[in-house]
Amino acid sequence: MSFIDQVIQSAQAMSGWEAVATLLGLAYLYLAIKESIWAWPCAFVSTLIYTVIFWEGQLPLQSVLNAYYLAMAVYGFWLWRRPKSEEYSVAIHRLSFRWHLVLIGSGLVISILLADYLQAAHSSKMPYLDAGVMVFSVLTTILMARKVLENWLYWIAVDGAAIFLYAQTGFYFTTVLMAVYIVMVIIGFFEWRQIYRQVPAASLNTP
0 MSFIDQVIQS
10 AQAMSGWEAV
20 ATLLGLAYLY
30 LAIKESIWAW
40 PCAFVSTLIY
50 TVIFWEGQLP
60 LQSVLNAYYL
70 AMAVYGFWLW
80 RRPKSEEYSV
90 AIHRLSFRWH
100 LVLIGSGLVI
110 SILLADYLQA
120 AHSSKMPYLD
130 AGVMVFSVLT
140 TILMARKVLE
150 NWLYWIAVDG
160 AAIFLYAQTG
170 FYFTTVLMAV
180 YIVMVIIGFF
190 EWRQIYRQVP
200 AASLNTP
């Protein structure tokens, strides 16, 4: 069976709820690119569905990740609803190189520790990739909620790793979905960068 046939078969096997979650996930990413607060309600419903689907499908780690996304959707909505005129409102900004080193280093250490546990427990087909995708998804979602410009670059790496993970574990439709995400993420980076460049440097608080 060819890869395309496997993708079609996977799409046909999707439940109605999975299809809804997929569409809402795409809507979330599109609205996030546009800095629309409605991105977060879409994310909340999508991840709520995925939390149940992955739990019933005996993928507890992915279920936990989506439960985390639920909390981040609430946090993101609260953060983005602040008027831009408020002192603590969130604007698109960049992180220093030092902060990126801290994030990447911490993410790698946590990923390795989690992967070692998964490998010892025999609970994942690809423990290191599985753990890495989860950990850096968590970190990158925080960056997106905080409107850090580089979050889109992290998503390119995370979604790229997820493509390999899902392809190797038989989730072919999700593999194609991740490829679509990468295209949208690249668009998101350039749109946010354009907005960032229009904001006076003095008004940006970069950690």
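Number 206 marks the last residue of the sequence shown (numbering that gives the first Met the number 0); no jumps.
No residue lacks a Cβ here, since even glycine has one placed at the ideal position from N, Cα and C.
Please read these numbers as outputs of a predicted model, since none were measured by experiment.
In whole angstroms, give me the CA-to-CA distance for residue i and residue j.
i: residue 128; j: residue 119; result: 15 angstroms
i: residue 116; j: residue 75; result: 30 angstroms
i: residue 102; j: residue 191; result: 21 angstroms
i: residue 32; j: residue 133; result: 22 angstroms
i: residue 160; j: residue 50; result: 21 angstroms
i: residue 37; j: residue 176; result: 21 angstroms
i: residue 22; j: residue 183; result: 14 angstroms
i: residue 121; j: residue 198; result: 50 angstroms
i: residue 52; j: residue 169; result: 16 angstroms
i: residue 47; j: residue 189; result: 29 angstroms
i: residue 99; j: residue 185; result: 19 angstroms
i: residue 248; j: residue 167; result: Outside the shown range of the chain (0 to 206) lies residue 248, about which nothing can therefore be said.
i: residue 20; j: residue 78; result: 23 angstroms
i: residue 63; j: residue 141; result: 16 angstroms
i: residue 193; j: residue 34; result: 13 angstroms
i: residue 171; j: residue 18; result: 14 angstroms
i: residue 39; j: residue 139; result: 15 angstroms
i: residue 109; j: residue 154; result: 18 angstroms
i: residue 112; j: residue 55; result: 26 angstroms
i: residue 104; j: residue 196; result: 28 angstroms
i: residue 96; j: residue 41; result: 32 angstroms
Between residue i and residue j, which are expected to be in contact by the criterion C-beta below 8 angstroms, what is the C-beta distance as a whole number of angstroms?
i: residue 149; j: residue 94; result: 6 angstroms
i: residue 146; j: residue 90; result: 6 angstroms
i: residue 165; j: residue 174; result: 5 angstroms
i: residue 24; j: residue 45; result: 5 angstroms
i: residue 137; j: residue 67; result: 6 angstroms
Out of the options, state which residue places its alpha-carbon closest to the alpha-carbon of residue i.
i: residue 157; options: 33, 176, 135 and 166; result: 135
i: residue 187; options: 77, 30, 20 and 21; result: 30
i: residue 114; options: 126, 151 and 28; result: 126
i: residue 178; options: 163, 168, 131 and 72; result: 163
i: residue 61; options: 153, 124 and 189; result: 124
i: residue 59; options: 130, 154 and 140; result: 130
i: residue 43; options: 65, 155 and 151; result: 65
i: residue 151; options: 97, 110, 104 and 92; result: 92
i: residue 80; options: 155, 104, 144 and 97; result: 144
Quick one: what does DSSP say residue i is sitting in, helix, strand or coil?
i: residue 190; result: helix
i: residue 105; result: helix
i: residue 37; result: coil
i: residue 43; result: helix
i: residue 198; result: coil
i: residue 170; result: coil
Exercise. Counting only runs of 4+ residues fully inside the stretch 107-163, write out the alpha helix (DSSP H) ranges in chain order.
Key: Listed in chain order, the complete alpha helix (DSSP H) runs (minimum 4 residues) inside the stretch 107-163 are 126-144.
Quiz item: Taking the runs of the alpha helix (DSSP H) that are 4 residues or longer, which of them lie wholly in the stretch 46-102?
Solution: As far as the stretch 46-102 is concerned, its whole alpha helix (DSSP H) runs of at least 4 residues are 59-79.
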